[in-house]
Structures are given as C-alpha cells and as structure tokens.
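This report concerns only the one structure given below.
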Amino acid sequence: MASGSGTASGTEASSSDGSYERWIVFFVAGCVFISVLNTNMFNVALPSIGREFDVTPGGLGWVVTSYSLVFGIGTPFYGRLADIYGLRRMFMIGVTIFSLGSLACMFAPTYELLIVARIIQAAGTAAIPALGTAAVFRAIPAERRGAATGITAAMVGIGSAVGPSLGGAITEVVSWRGLFLFGSLLILTLPMARRLMPEGDPDEDATLDLAGGFFLGAMIAGLLIGITNLESFGFASPWVIVPILVAIASGFLLNYRIRTAKDPFIPGDLLANGNYRMLVFIGFAMLLTHMGTLVTVPLLLDSVNEISSARIGLVMLPSAVMLSIVGPIAGRLTDRIGALLPLRAGILISFIAMLLMGSFGVGGSALTVTLILVLTGLGMGLANSPMINSVSLVLPTARTGLGVSIFHMTFFLGGAFGATLITTVIDFRASSSNALNVLHSGDGANFSDAFLVPLAISGAALLLSMLIHIPKPWDVGAAERAER
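So in the working numbering, spot 146 of the sequence shown is number 150, and the numbers just go up one at a time.
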C-alpha cells in the first residue's frame with residue numbers, strides 16, 4: 005500500500021513547526037467557513053432577489069442550478085490543475101476568482117448578470133474546499149492530520165448552521181447584496197495564502213487531458229441537470245432522460261479515455277485503488293443521507309406537524325451544533341486509534357437515525373424529531389473527518405490533490421442526489437395512507453417511505469466500511485518519513 009501524502013518543498017518543510025501547522029489549519033478552516041457561509045446565506049435571499057428583478061420562483065432556480073453545475077465541474081479540474089501547475093498557485097487563482105465574482109454579484113444590475121456573476125463566483129469557490137484539504141494533507145504529518153481535518157469539518161457545520169439566520173438578518177437589515185461582502189474581502193488573504201500554502205509537487209511534464217476533462221464535465225452536468233429536473237418533470241420526462249443519457253454516454257467515453265490516453269485526466273491507478281473507490285462511495289452515501297434529511301425534515305415539520313418556520317429552525321439547530329462539536333473530536337480520535345472505528349460508528353449511528361426517523365420521527369412530536377436529528381449530527385460528525393482524512397492515508401502523495409478533489413465532487417453529488425431523490429419519493433407517495441415501513445403508524449406515510457432511501461444507502465455504506473482497509477496514521481507517517 006502506497007503511503008499517504010508527505011511534504012514536498014519549501015513551505016512544507018516547516019510543517020514540523022507547531023505554529024505553522026496551527027496557522028495553516030486556521031487559514032484553511034477560515035476560507036472553508038467563508039465558502040460554506042456564502043452558499044448557505046444566499047438561498048434565504050432568493051425571495052428578495054425575485055422581487056427586485058421580478059423573477060418567478062422557477063426562474064430563480066437557474067441562479068442556484070448554474071452555481072451548482074460550475075462548482076461540481078470545477079472541483080476536479082482544480083485538483084488536476086494543482087497536480088500540474090502547483091497547489092498554491094491554483095488555490096490563489098481560485099480565491100481571486102471567488103472574490104471578483106462576489107464583487108460582481110454585489111453590483112449586478114440585472115438578473116441575467118447576477119447569474120453570470122454567480123457562475124464566476126462558483127468557478128472560484130470550487131478551488132477552496134478540495135485544495136484547502138489537500139494543503140492540510142501536505143503540510144501536516146499523518147499522525148496529526150485527523151485533528152486538522154476535524155477542525156475544517158467543524159467549520160462546515162458551523163457555516164451551515166449560522167448561514168441561513170445570518171443571511172436572513174443581512175438581507176433584512178442591509179440588502180441581499182450585502183451577503184457578498186464576506187466573499188469579496190477574501191482576496192485580502194492572498195498574501196497569507198502565498199506565505200502558508202504548500203506548493204506541492206507540480207509535474208511540469210504532465211499535460212491537461214482536455215478531452216477527458218470534457219467528458220467528466222459532461223457526465224457531472226448531465227447527472228446534476230437530470231436529478232434537478234426529476235422532481236419537477238418526473239422520471240419519464242425527456243428533460244430527465246436526455247441529461248441522464250448524456251451522463252451515461254460521457255461516463256463510457258471517460259472510461260475509454262482513462263484506458264487509452266497517455267496522460268488521462270483521471271489516472272487509471274487512482275480508480276484502480278479499491279479502498280479509495282469505497283471511500284468515494286461512502287462519502288457520496290453519507291452526504292446523500294445527511295443532506296436528504298436536512299431538506300426533508302423542514303418539509304415534514306411544516307406539512308405534518310404544522311409548526312412555524314421559527315420553530316423549525318430551532319428543531320434543526322441542535323443537529324448542526326452536534327456536528328460542529330463532534331467533528332474535531334472525531335479528528336483527534338482518528339489520530340489516536342485510526343480512522344476505521346469512528347468512521348464505522350458514524351455510519352452505524354446515521355443508519356440507526358434513518359430507521360428511527362422513518363419509524364417514529366415521522367408523525368411524532370417536534371421533540372422526537374429534534375432528538376433523532378441530534379443522532380444524525382453525531383453520526384455525520386463522527387464519520388466526516390475520518391472519511392476525508394482517509395483519502396490521504398490510502399493514496400500516494402502524487403494523487404492526493406486530484407483524489408481529494410474527486411472525493412469532494414462525489415460528496416457534493418451525494419447531497420444533490422439526496423435532496424432530489426427523497427423529495428421525489430415524498431411526491432410520488434403523496435396519496436399513500438399506509439407506509440412501507442411496518443414500524444410507522446400515523447400521519448406522513450409518504451415521508452416515512454422517503455426515509456427508506458437514505459436508510460438503504462447508509463446501510464450499503466455500512467457494509468462497505470466493513471470491507472475497507474485504511475492504514476493507521478502512524479504507519480503512514482513512518483512511511484512518509486522513510487521516503488524523505
């Protein structure tokens with residue numbers, strides 16, 4: 005088994021210094037927090053944007069869809085470009101594009117230009133989570149990497165928790181345009197990025213496989229457009245079938261390119277790594293489960309429990325708080341005992357939470373739902389950091405940039421699939437009075453049926469977690485030092 009990431013040159017050489025490690029974790033975590041905050045604040049401002057530009061709810065969907073498409077496609081591109089041109093350079097380019105896009109959003113005079121500005125912003129945002137994680141992998145020894153990824157994972161939870169309420173407050177007090185101030189100021193961190201970010205090992209002899217990148221982008225775009233249209237048009241609609249067929253055809257062409265190209269966009273040895281493939285599916289499954297739940301529970305509480313939006317927010321909050329608290333703890337556990345135990349425990353807890361939600365949460369009291377949501381936060385918090393950190397433990401140094409980018413891409417796709425699949429089941433089973441889950445009784449049979457989707461997916465992830473082999477951090481660290 006090839007060892008995980010090691011240091012490369014220059015800045016990385018100072019990674020033994022504790023203050024440097026703290027600074028790079030602080031910097032990356034802050035950038036990730038701003039990028040997550042940007043996404044979560046924006047959605048609550050959509051009604052205000054619609055009123056200002058006189059855009060229908062259906063039209064507003066384009067500003068969300070376009071952002072998601074570019075973010076999903078851009079993430080693996082940054083990973084590959086970082087392998088060729090250097091991690092620091094591509095991260096700084098991404099931050100610059102993100103800040104300029106944010107500035108353009110603030111002053112967009114028309115809705116069409118706002119969409120263009122959001123596309124520019126997404127083209128920059130795509131660099132931050134994946135390359136920030138890759139920087140942590142390269143700068144920090146394997147034995148302490150878990151704690152670092154735990155902190156960045158906690159920032160995702162905090163950003164998701166405070167984003168909607170902060171976005172609502174800024175929109176009400178200032179304007180929706182004020183939401184983009186945070187992002188536009190991120191460009192001021194470039195001197196710090198230049199000083200802290202590791203350069204990596206750029207391979208100047210490598211070439212960018214544009215055909216392979218095009219096929220990968222077409223596959224992602226087809227999947228995202230197809231699943232986005234699923235809820236509105238149904239399975240049999242050409243607006244769903246055609247994009248999915250494009251995605252399937254692009255997947256076959258990408259696979260052919262991987263096998264035949266001299267320097268393919270996705271190296272064959274990356275996908276040949278069975279442990280990495282299982283990690284990618286587990287990441288996809290966990291975010292499908294988590295995001296599907298976060299989208300579905302507010303709908304459940306509104307239509308079945310009939311409680312106010314303010315109370316719904318209070319029900320959702322403890323889960324995000326739990327995720328933020330547990331993330332760093334899970335990271336430190338990974339450093340001390342390895343990734344497998346917290347990973348398996350997190351997936352098992354998520355599986356149990358889905359069973360409880362579909363059986364007793366649906367139709368139960370708001371308190372019952374809150375307690376089960378705390379379990380989902382605990383499960384995701386335990387699994388998230390070990391999942392991400394494990395990418396650096398199962399891949400060689402040269403593959404971590406692209407490897408973590410593809411992991412983040414499938415992580416993102418899992419969230420998109422989860423939200424769409426579960427809400428589609430809710431609509432499809434809307435007229436049902438009896439749930440497929442025999443443990444459920446009472447109202448909301450269609451919601452109970454919907455939770456069978458994340459239950460099945462998290463169950464599959466649990467089975468895979470029993471088969472995967474992830475080296476211990478101290479073994480990888482010893483191998484890294486021997487290589488140097």
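C-beta: ideal position from N, C-alpha, C; glycine also.
It is roughly 11 Å from the alpha-carbon of Ile-392 to the alpha-carbon of Val-140. For Arg-348, the closest alpha carbon among the candidates Pro-390, Asp-213 and Ser-369 is that of Pro-390. Here Gly-150 really is in contact with Gly-335; their C-beta atoms are around 4 Å apart, less than 8 Å. Taking the C-beta atoms as reference points, Asn-279 is found no nearer than 8 Å to Ile-101.
Cα atoms of Leu-200 and Ile-28: separation of roughly 6 Å, rounded to the nearest angstrom. Sequence-distant partners of Ala-165 (beyond 5 residues in either direction) whose C-beta falls short of 6 Å from its own C-beta, in its chain, are Ala-324. In this structure, the CA atom of Arg-148 is about 10 Å from the CA atom of Leu-337. The continuous alpha helix (DSSP H) containing Ser-254 extends over residues 242-264. Going by beta carbons, Ile-124 and Trp-66 fall outside the 8 Å limit.
Pro-322 carries a helical assignment under DSSP once its states are collapsed to helix, strand and coil. Spanning the alpha carbons of Ala-402 and Ser-72 requires a straight line of approximately 28 Å.
Annotation: the region 336-406 contains the following complete segments of the alpha helix (DSSP H) (minimum length 4 residues), in chain order: 344-360 and 370-398.
Going by beta carbons, Ala-131 and Phe-95 fall inside the 8 Å limit. By the CB criterion at 8 Å, Ile-162 and Ala-152 fall outside the cutoff. Remark: C-beta atoms of His-412 and Thr-79 approach each other more closely than 8 Å. Straight-line spacing of the CA atoms in Ser-52 and Glu-484 works out to 52 Å.
Each of Gly-368, Trp-243, Leu-220 and Gly-230 was checked against the Cα of Ser-254, and the nearest Cα belongs to Leu-220. Between Asn-233 and Tyr-260, the alpha-carbon positions lie close to 28 Å from each other.
A check of alpha carbon separations from Lys-476 across Asp-209, Gly-381, Ala-439 and Arg-340 identifies Arg-340 as the nearest. Annotation for Glu-25: the continuous alpha helix (DSSP H) segment containing it runs 22-46. Contact between Pro-168 and Gly-216 does not hold, since their C-beta atoms are separated by about 38 Å, which reaches or exceeds 8 Å.
In the DSSP assignment, Pro-195 falls within the alpha helix (DSSP H) that extends over 194-200. In the same chain as Ile-262, and ignoring 5 residues on each side of it, the C-beta atoms closer than 6 Å to its own belong to Pro-268, Ile-270 and Gly-272, in chain order.
The straight-line gap separating the alpha-carbon atoms of Ile-38 and Arg-122 is approximately 15 Å. One Cα belongs to Arg-181, the other to Ala-126, and the distance between them is close to 17 Å. By the Cβ criterion, the region 359-370 is not in contact with the region 184-191, since fewer than three pairs of Cβ atoms, one from each stretch, lie closer than 8 Å.
The residues Ser-462, Gly-463 and Leu-466, in chain order, have a CB closer than 6 Å to that of Phe-355 in the same chain once the five nearest residues on each side in sequence are set aside. Taking a contact as a CB-CB distance under 8 Å, the pair Ala-86 and Gly-446 does not count as one, their CB atoms being some 52 Å apart. No Cβ-Cβ contact shorter than 8 Å links Phe-288 with Gly-381. By the Cβ criterion, the region 443-460 is in contact with the region 367-377, since at least three pairs of Cβ atoms, one from each stretch, lie closer than 8 Å. In the three-state DSSP reduction, Phe-455 falls in the coil class, being neither helix nor strand.
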